[in-house]
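First residue of the sequence shown? That's 1 in UniProt numbering, and the numbers climb one at a time after it. Notes for the one structure printed next.
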Amino acid sequence: MPATLEVKCTDSDCEMDMFEMHYTYDMPDDVGVEDFACPYCRGTDCLEAIEL
């Protein structure tokens, strides 16, 4: 099953609470939340992985 990454945006001006990314192809092992941007505010340094 492809990996899933749950992410929250910590920017207080952003309306995005959290989102989930489902990988549909093989991602390199070193890919993490720092490689993505918030789909709402486009911020890159405000994302944090949600650990379950």
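All C-beta atoms, glycine included, are put in the ideal place defined by N, C-alpha and C.
Can you tell me whether residue 47 is buried or exposed? The criterion is at least 16 other CB atoms within 10 Å of its CB, across all chains shown. Here residue 47 refers to the residue found at position 47 when the sequence shown is read from its first residue. Looking at its Cβ environment, which holds 16 or more other Cβ atoms inside 10 Å, residue 47 is buried.
Look at residue 11 and residue 43 and say whether their C-beta atoms are less than 9 Å apart. Translated into the one-based positions of the sequence shown, residue 11 becomes position 11. Translated into the one-based positions of the sequence shown, residue 43 becomes position 43. Their beta carbons are under 9 Å apart, which means residue 11 touches residue 43 by this criterion.
In chain order, what residues of the same chain have a beta carbon less than 8 Å from the beta carbon of residue 20, not counting five sequence neighbours either side? The residue you call residue 20 lines up with position 20 of the sequence shown. For residue 20, where only same-chain residues beyond five positions count, the Cβ hits under 8 Å are 4, 5, 6 and 7.
So who's on the other strand from residue 49, going by DSSP bridges? Along the sequence shown, one-based indexing puts residue 49 at 49. DSSP output for residue 49 lists 7 as bridge partner(s).
Per DSSP, cross-strand counterpart(s) of residue 19: Position 19 of the sequence shown holds residue 19. Note: residue 19 sits in a beta bridge opposite 7.
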